[in-house]
C-alpha cells in the first residue's frame, strides 16, 4: 500500500504508520494546524504569554509580594488572565495558568503558584 505525506504528497518510505516523509514536512504540517487563526487571537495569546513570563520572573519561590508599579514597569496587562479563583474566605485570585496574583492593600500584590 502506497502512502503519501500529509504535507507535500510525496511517497512515504519506511514504517507502516508514518504520516510524513520528513521532519520538515511534519513540522510544517503541525505549524499550520496549531497557528492562531487571526491577529486578534494571536495578540491575546501574546499578552497572556507575556503576563505569565512576568509572574514567573517575579515569583521564583512560589509565593511572593510585589507592587503594581513593578508589574506595570515590566509590561504586565491586568486585563488578561486565564481564570479567577474565589476562595471561601472571600479572596479573589487572578490566574495565568498556574501563576496567580491577589490584590492586597496599598497597591501591593501577592504572587502565588498553584501546585500542578
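In our numbering, the protein residues as written are 343 to 458. Cβ atoms here follow ideal geometry from the backbone N, Cα and C, with glycine treated the same way.
In the structure shown, residue 382 adopts helical secondary structure according to DSSP, grouped into three states. By the Cβ criterion, the segment 380 to 393 is in contact with the segment 409 to 424, since at least three pairs of Cβ atoms, one from each stretch, lie closer than 8 Å. For residue 404, the closest alpha carbon among the candidates 430, 458, 364 is that of 458. Taking the Cα positions, residue 401 is about 20 Å away from residue 388.
For residue 363, the number of other beta carbons within 10 angstroms of its own is at least 16, and it is reported as buried.
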